[in-house]
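One structure is given here, and the rest of the page talks about it.
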Amino acid sequence: MSENKNEVKAYLVGSGIASLSAACYLIRDGGLKGENIIIFDESEKFGGSLDAGGNPKDGYSMRGGRMFEEKFNCTYDLLSFIPSISNPDKSAKEELMEFHQEFFWNDKARLVAGGEIVDVANLGFQEKDRLDLVKLCVTPEKLLENKTITDCFYPHFFESNFWFIWCTTFAFEPWHSAIEFKRYCLRFTHLFSTIDTMGGIYRTQYNQFDSIVRPVVKWLKEKGVKLEMGSEVKDISVKITNKEKIAEKLIYTKNGANLEIILTPNDLLFVTNGTMTANSTTGSKNTAPVLETHKLGSTWKLWQKLAAKTIDFGNPAPFCSDISKTKWESFTVTANNPVFFNLLEEFSGSEAGKGGLITIKDSNWLLTVVLNHQPHYYEQPKDVWVWWGYGLFPDKVGNFVKKKMSECTGDEILTEVLSHLRFTEHINHLLATSITIPVMMPYITSQFMPRTGTDRPKVIPSGTRNLAFIGQYAEIDDDVVFTVEYSVRTAQTAVFGLLNLDKKVSPFFKGQYDPSILFAALKMLHRK
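Counting the sequence shown from 1 gives a position; this note's numbering is that position plus 9.
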């Protein structure tokens, strides 16, 4: 690496939070000039999976919302030096922490069935379930390769209140990876004692695009970082010898032109390999989203090409080869009155922003909804209300609307939700005053698919001199995917490693080694 950081250029593939974070650390800790950093993305919209958009007239839409907790040390390090969207004198971290102090979750209606709140004081375990859970947590990952969660538990486990809470909090399905499920249990051992109230969960004041992505991008642009939107990276030439691997050329297209950038050994390249929101499709109030199965997203294709060059670049096949097991559907509802908010606040006993997730346990689609604090969009008018939900099983026929969720319009999905909550007398009014936008995501839980220990490439593969992988499909020991924390951790690891900085990645909290946390978790698992 050149001693003169002013000469080093960095190229980042993808504009998700992993790339954005890496660019921030290249500047703050690496000393790179902002104008020497370029971020490529095939989309015209930056932010990757942390997206949100729309307007009051046509309806707002977001594919998902990320939860945070106290021990996301990498994320809070990033947000500590990024000014918040609402106040340039306050950091995005300060905004998040202050918001949590006022709007902390105390879920009183975590599960619902038959239109009634389920008492989750008893998590529904049999002793066999507890023993199997402990056994999984102490089993080495090597012995869990390619195993599913169903391989590790008897059917009764999947009928417990614990499973319904856990799987809908993190979006696990029974056929997902036992390794990932184990990692979640260990990573969040300190949250077991509040699993029923979700008291340990933090949220941003606004959606994550407004609260995180927009402030980060603003900071980067002010530093001179270039965002090459509408630019699809097609391939990367890599010189591979017995000793090292050096990225030599970046090949991309923009506005129909084939372009390339020659890389020196001192230039840096960060690749987001794969994306959970590739090929997402949007429906409307009157139409269902169409599932895209005929093409693979560009980041997946790029990873396939890189993986063909060397085994050290991983194997994307386990993650993107079975859409039936990696898809689910979310929906965003925009209303011009607070009727639904009033109804659900009264039903749940919690005001918007404090109630947490509400999962309809007896829903064939396994529906979950949440009332966020309003406004949930930074520019959202005061006379508009926005809420969100998702279904884990979109190919099952609804309980009330006798169609698969994947075949339903926004209005039909809203009808199913309202029917489950027994708000039936308000259906016609709410349909007339609400815009429900459904989104189908073919790869949304692809990062949870069963895998081996080498399917995800290391952030800095063995012998790699100027290339790193970042995001949800790069390998970080012990940490959990489907979190902002994971993406930022890969960014720190990549930047500090490739630049050989004398700086440690933000510490990883391992509460499973704290006797008091273990005792509280075991006590919760035995609660009746």
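Positions of the beta carbon are idealized from the N, C-alpha and C atoms, including for glycine. All values reported here derive from a predicted model rather than from experimental measurement.
In the three-state reduction of the DSSP assignment, M238 falls in the strand class.
When DSSP states are grouped into helix, strand and coil, M449 belongs to the strand group.
The beta carbon of G63 is closer than 6 angstroms to those of Y69, S70 in its chain, skipping five residues each way along the sequence. Between V342 and T445 a beta carbon distance of about 5 angstroms is seen, short of the 8 angstroms cut, so the two are scored as contacting. Judged by DSSP in its simplified three-state form, A31 adopts helix. Around the beta carbon of I271, fewer than 16 other beta carbons lie within 10 angstroms, which makes this residue exposed. The beta carbon of D488 is closer than 8 angstroms to those of R192, R196, E494, Y495, R498, F517 in its chain, skipping five residues each way along the sequence. According to DSSP, I48 shares a beta bridge with L21, L236. Leaving aside the five residues that flank F328 on each side, the residues in its chain whose CB is nearer than 7 angstroms to its CB run, in chain order, G283, S455, Q456, M458, Y482. For D141, the closest C-alpha among the options V127, R119, V129, F167 is that of F167. Fewer than three pairs of CB atoms, one per stretch, sit closer than 8 angstroms, so the segment 291-311 makes no contact with the segment 426-435. Using a 10 angstroms sphere on the CB of I320, the tally of other CB atoms stays under 16, which defines it as exposed.
For the segment 495-535, not one full-length beta strand (DSSP E) segment reaches 3 residues or more.
Taking G209 as reference, the option from H199, Q217, N216, A61 with the minimal CA-CA separation is H199. Two segments are said to touch when three or more pairs of C-beta atoms, one from each, lie closer than 8 angstroms; by this definition the segment 82-89 touches the segment 100-114. Beta-carbon to beta-carbon, V504 and L35 are separated by about 6 angstroms, close enough to satisfy the 8 angstroms threshold. Cβ contact annotation for K254 (same chain, cutoff 6 angstroms, sequence separation greater than five): V247, G472, T473, in chain order. Judged by DSSP in its simplified three-state form, Y386 adopts coil rather than helix or strand. Ranked by Cα distance from E136, the options A118, Y163, E111, N155 are led by Y163. Beyond the five residues adjoining it in sequence on each side, F81 comes within less than 6 angstroms, by CB distance, of E494 in the same chain, given in chain order. Assigned with DSSP and collapsed to three states, I94 falls in coil, not helix or strand. With contacts defined by Cβ atoms closer than 7 angstroms, Y85 and L278 do not form a contacting pair. For K232, same chain residues with a beta-carbon under 6 angstroms away, outside a window of 5 residues either side, are I36, G43 in chain order. Exclusion of the five residues before and after G400 leaves W337, E338, W374, L375, L376, M414 as the residues of its chain whose Cβ lies within less than 7 angstroms of its Cβ. The beta carbon of S428 sits closer than 6 angstroms to those of F409, all from its chain and outside the five residues before and after it, given in chain order. In the structure shown, T308 falls within a helical segment according to DSSP collapsed to helix, strand and coil. Membership of I174 in the alpha helix (DSSP H) is indicated by the continuous run 170-179. Taken in chain order, the complete beta strand (DSSP E) segments of 3 residues or longer contained in the segment 82-150 are 120-122.
Pairing M533 with S202 gives a Cβ-Cβ distance under 7 angstroms. Residues D38, G39, V504 of the same chain have their beta carbon placed closer than 8 angstroms to that of L510, with the five preceding and five following residues left out of the count. Looking at the DSSP output, S186 shares a beta bridge with T157. Under the DSSP assignment, K227 falls outside any beta strand (DSSP E), being part of the alpha helix (DSSP H) whose first and last residues are 223-231. Contact between I48 and L236 holds, since their C-beta atoms are separated by about 5 angstroms, short of 8 angstroms. V490 counts as buried, since no fewer than 16 other beta carbons sit within 10 angstroms of its beta carbon. For V426, the enclosing alpha helix (DSSP H) begins and ends at 419-429.
A straight line joining the alpha-carbon of G398 with that of V378 spans about 4 angstroms.
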